[in-house]
Ligand code: C2E
Ligand code: CA
Ligand code: CA
Ligand code: CA
């Protein structure tokens, strides 16, 4: 029995070691990915429901790893947050997205950038955002920052102050992944967001689960009362689009219209067909 026990413990340790080693290797790669120029931004159109034109595009980060190929953000952003690397990476994203939109896109098209909670809580976030605007020449109103509701939970007073400062710069702020966290509808009254992005989990089950459309309708009604715009994420089918349009949703984003595409492809799309 004793050798069995030690055998099990040994196997367990070997697995732990392998996982640790993989993490350490990824961490080492991530440390130099920024200076090695391995990050790229893809862009996904956000379509205005009534007019069917592209009102904005969301910047989505990709890591072109020399051996692993294109690594999706879910696989490295949590690690980058733990390491603190998300701060310089996030600043690069912001600067790159602003520069692209200012230089290559029609003047009425917004660019949306995801801000990690770690970035949002940095003391110099206002300087970072205003620096990116100044250096790119992008009009502040064309930049939208997407933040998840989790940032409101930790230090609400600080979060509220930062939100106000961002809005004073003239940028728009949206609440991302709405409905997935712990915050309730009452958060929307307390925090001055310009837009609510309804999480794709609610959109996925539209037409399958009866309560989804009720939730979507309630969020849209509340958003409208509070003067907030509404984007539905992860719209993949015509049926979902029709239901959202009937419910009064203003913008949609999803594979039904476009997958995230390279910067060059996004520019071509915006210049040729900003009307869908
Ligand atoms: P998110 O902000 O909720 O972004 C939307 C995600 O849904 C994207 O995944 C997008 O490709 C995907 N998506 C869009 N339409 C559809 C659809 O119709 N169906 C389905 N199934 N999925 C759809 P992606 O690009 O893999 O990004 C995942 C997450 O990584 C993002 O979720 C965001 O939280 C984070 N992320 C991406 N870029 C950045 C960044 O620059 N900074 C930070 N802090 N986070 C980022
Ligand atoms: Ca987002
Ligand atoms: Ca989202
Ligand atoms: Ca998400």
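Residue numbers (UniProt numbering): 321 to 596. Beta carbons: idealized from backbone N, C-alpha and C, even for Gly. Treat the numbers as computed from the prediction; the structure is a model and nothing was measured.
Contacting residues, own chain, Cβ-Cβ under 6 Å from residue i (five flanking each side not counted)
{"i": "residue 448", "result": "411"}
{"i": "residue 391", "result": "383, 385"}
{"i": "residue 414", "result": "433, 452"}
{"i": "residue 550", "result": "516, 540, 543, 569, 570"}
{"i": "residue 437", "result": "470, 471"}
{"i": "residue 435", "result": "465, 467"}
Cβ-heavy atom distance, residue i to ligand 5, below 7 Å
{"i": "residue 520", "result": "This structure lacks ligand 5; the ligands present are ligand 1, ligand 2, ligand 3 and ligand 4."}
Contacts around residue i, its chain only, beta-carbon distance under 7 Å, and the 5 residues preceding and following it disregarded
{"i": "residue 322", "result": "Confidence at residue 322 is low in this model, with a pLDDT of 46, below 50, so the placement of that residue is unreliable and no value is reported for it."}
{"i": "residue 580", "result": "362, 363, 364, 380"}
{"i": "residue 505", "result": "542"}
{"i": "residue 417", "result": "361, 379, 431, 433"}
{"i": "residue 333", "result": "none"}
{"i": "residue 583", "result": "361, 363, 420"}
{"i": "residue 590", "result": "374, 425, 426, 429"}
{"i": "residue 587", "result": "424, 425"}
{"i": "residue 546", "result": "508, 509"}
{"i": "residue 400", "result": "350, 406, 409"}
Residue interval of the beta strand (DSSP E) (run including residue i)
{"i": "residue 418", "result": "Looking at the DSSP string, residue 418 is not in any beta strand (DSSP E); the run it does join, the alpha helix (DSSP H), is 406–424."}
{"i": "residue 357", "result": "Careful: residue 357 lies outside any beta strand (DSSP E) and carries neither H nor E."}
{"i": "residue 459", "result": "From DSSP, residue 459 is part of no beta strand (DSSP E); its letter is neither H nor E."}
{"i": "residue 571", "result": "571–573"}
Residue range of the unbroken alpha helix (DSSP H) whose run includes residue i
{"i": "residue 565", "result": "558–567"}
{"i": "residue 451", "result": "445–456"}
{"i": "residue 401", "result": "397–403"}
{"i": "residue 505", "result": "505–510"}
Residues that residue i bridges to, as DSSP identifies them
{"i": "residue 494", "result": "466, 515"}
{"i": "residue 473", "result": "Residue 473 pairs with nothing; no bridge assigned."}
{"i": "residue 379", "result": "363, 433"}
{"i": "residue 389", "result": "385"}
{"i": "residue 335", "result": "None, per the DSSP bridge assignment."}
{"i": "residue 368", "result": "373, 571"}
{"i": "residue 581", "result": "363"}
Beta-carbon contacts of residue i that lie in its chain and below 8 Å, excluding the five residues immediately before and after
{"i": "residue 396", "result": "346, 350, 383"}
{"i": "residue 354", "result": "405, 408, 409, 412"}
{"i": "residue 499", "result": "518, 519, 521, 522, 535, 539"}
{"i": "residue 443", "result": "none"}
{"i": "residue 526", "result": "532, 533, 536, 559, 560, 563, 564"}
{"i": "residue 368", "result": "374, 375, 570, 571"}
Under 5 Å, CB to any heavy atom of ligand 2. Which residues pass, going along the chain? 434, 466, 496
Check your understanding: Can you give, in chain order, each stretch of the beta strand (DSSP E) that sits fully within the stretch 521–552 and has at least 3 residues?
Key -> none
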